[in-house]
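> Residue numbers (this note's numbering): -5 to 183. Don't be surprised by glycine CBs; every beta carbon is placed ideally from N, CA and C.
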Ligand code: ADP
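1. Report the start-end ranges of each beta strand (DSSP E) in the stretch 20 to 64 that is 3 residues or longer and not cut off at the edges.
2. The beta strand (DSSP E) spanning residue -2 covers which residue range?
3. Consider the C-beta atom of residue 172 and the heavy atoms of ligand 1; say whether any pair is separated by less than 6 Å.
4. Return the CA-CA distance between residue 9 and residue 23, expressed in angstroms with no decimal places.
5. Quick check on residue 101: does DSSP put it in helix, strand or coil?
6. Kindly examine ligand 1 and report whether one of its heavy atoms sits closer than 6 Å to the Cβ of residue 58.
7. With a 10 Å radius around its C-beta and 16 neighbouring C-beta atoms as the bar for buried, classify residue 67 as buried or exposed.
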């Protein structure tokens, strides 16, 4: 099962991706988490990524494309994966398409989890109180949402044209959203 999870920051992608991955026994490949770990460990990549992340901007395509390329070649990803937070630009989407074509394992579903902006801001500010993620402050949240609208939202059309788009409303309880996600996935299993 090879899936991309898209959606604005705060839509619940990460939470839902984890639930689905546990259920199917496949890895959750979250570029945000890999980058946060790199920042925490002070690696060269982390040092490069930090300034973009702190500003709510996208880390350069070449960096994240490299991360994903390496990660999906690992043994545990051979039975499938969920890409959580990648691709986020058209260039990343094209790079993903090329890397998957090379290993003859095309993407099966690009799932877009959609939530209205006003609800997203409230959710992210609430998460900030609980988890204290450094990029969950109001100005950075606004910047992340702007980045999402200008750079990532166009991927919805991209994947619609590719014929793999599935749209899921991200509003409602956690369980409601999980069951909405599971029904299209059951068909490709
Ligand atoms: P969220 O979806 O809540 O914004 P993520 O954990 O997915 O959180 O990402 C956090 C930050 O990591 C982003 O704001 C961005 O700076 C960086 N990042 C994550 N994935 C990518 C990506 N695919 N391309 C560029 N930057 C990324």
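The relevant details are as follows:
1. 22 to 24
2. -4 to 0
3. no
4. 12 Å
5. coil
6. yes
7. exposed
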